[in-house]
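Engineer: Numbering (our numbering), first residue to last: 3 to 254. Cβ atoms here follow ideal geometry from the backbone N, Cα and C, with glycine treated the same way.
1) Measure the C-alpha to C-alpha separation of residue 209 and residue 164 and round it to an integer number of angstroms.
2) Report the residue from 183, 74, 118 and 179 whose alpha carbon sits nearest the alpha carbon of residue 129.
3) Tell me the DSSP secondary structure of residue 296 in three-state form.
4) Expressed to the nearest angstrom, what Euclidean distance is found between the alpha-carbon atoms of residue 338 and residue 19?
5) Confirm, please, whether the CB-CB distance from residue 89 to residue 140 is below 8 Å.
6) The beta strand (DSSP E) with residue 69 in it runs from where to where?
7) In whole angstroms, what separates the C-alpha of residue 5 from that of residue 40?
8) Taking the straight line between their C-alpha atoms, what separation do you get for residue 48 and residue 189?
9) Quick check: the Cα distance between residue 138 and residue 60, rounded to an integer number of angstroms?
10) Report the residue ranges of all alpha helix (DSSP H) runs contained in full by the segment 83 to 128; include only those spanning at least 4 residues, in chain order.
11) Report yes or no: do three or more beta-carbon pairs, one from the segment 50 to 68 and one from the segment 9 to 19, lie closer than 8 Å?
12) Anyone know if the C-beta pair for residue 149 and residue 85 falls short of 8 Å?
13) Please return the same chain residues whose Cβ sits closer than 6 Å to the Cβ of residue 81, not counting the five positions on each side in sequence.
14) If we call anything under 8 Å between Cβ atoms a contact, is residue 161 one with residue 17?
15) Tell me the rounded alpha-carbon separation between residue 26 and residue 158.
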């Protein structure tokens, strides 16, 4: 039986990996059945998530994952820049003496290996989670444990926007930029690592804003592009595992 903290953590992690997307309904009874708890506990968890800006209650309709505006996304990215620049500041600037950089690098190299493996695979949720979690892992590896939860929430907020616009190319580019940041840390150059991080965050934000602000007709055209893989005819027979793998590979 899950407790309130575990329920909220699962919801945030599901947002990070984009299994829960903006506008998705969160039924109290369905969640209660899923976690094996009372609706009262679910409601308390949802209220906590509401205060953290992840869900909203709509009159007579229930709970939903929030659909952030571009202005809210801009605020989240601005907050991330402040937090992540601080994490990568020189110890003499912050008074925080974290673990040796080589220890940080070893931890992040392991994470990067998982990122790269996920990009080669077909599990989009895992790939999305790992790309977002890199930033939380960096904070943790640098010894900023207090900032981990703050950064996890900020990253989840930006993931809600990215859920609509992330592409395979964006994922590969993000992974490559993460690797450049780790390379700078390995060289002992925190100033370069901080500059690369700010460039990375700014690039992600700019790409999302560019897509979100493109004309609706262009977005619809891209979504229904007739040159993309054809939609399979609907049949009463479920696809075989090999067919499912083929479909997933074409999407990734």
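Structural biologist: Quick look at the numbers:
1) The residue given as residue 209 occupies position 207 in the chain shown. The residue given as residue 164 occupies position 162 in the chain shown. For residue 209 and residue 164, the distance between alpha carbons rounds to 9 Å.
2) Position 127 of the chain shown, counted from the first residue, corresponds to residue 129. Closest option to residue 129, Cα to Cα, is 118.
3) Outside the displayed range of the chain (3 to 254) lies residue 296, so it cannot be described from this structure.
4) Outside the shown range of the chain (3 to 254) lies residue 338, about which nothing can therefore be said.
5) For this step, residue 140 is matched to residue 138 along the chain shown. For this step, residue 89 is matched to residue 87 along the chain shown. Cβ distance < 8 Å, so residue 140 and residue 89 count as in contact.
6) As a position in the chain shown, residue 69 is number 67, starting the count at 1. For residue 69, no beta strand (DSSP E) encloses it, and the DSSP letter there is neither H nor E.
7) Position 3 of the chain shown, counted from the first residue, corresponds to residue 5. Position 38 of the chain shown, counted from the first residue, corresponds to residue 40. Straight-line Cα distance between these residues: approximately 10 Å.
8) Along the chain shown, read from residue 1 onward, the residue named residue 48 stands at position 46. Along the chain shown, read from residue 1 onward, the residue named residue 189 stands at position 187. Taking the straight line from one Cα to the other gives about 44 Å.
9) Within the chain shown, residue 138 is the residue found at index 136, counting from 1. Within the chain shown, residue 60 is the residue found at index 58, counting from 1. Their Cα atoms are separated by approximately 31 Å.
10) 93 to 96 and 103 to 122
11) yes
12) Numbered from its first residue, the chain shown carries residue 149 at position 147. Numbered from its first residue, the chain shown carries residue 85 at position 83. A contact, by the Cβ cut-off of 8 Å.
13) Start at 1 with the first residue of the chain shown, and residue 81 comes out as number 79. Excluding residues within five positions, the ones whose Cβ falls inside 6 Å are 156.
14) Numbered from 1 along the chain shown, position 159 holds the residue referred to as residue 161. Numbered from 1 along the chain shown, position 15 holds the residue referred to as residue 17. Against a cut-off of 8 Å, the Cβ pair of residue 17 and residue 161 comes out as a contact.
15) By 1-based counting over the chain shown, the position of residue 26 is 24. By 1-based counting over the chain shown, the position of residue 158 is 156. Spanning the two alpha carbons is a distance of roughly 15 Å.
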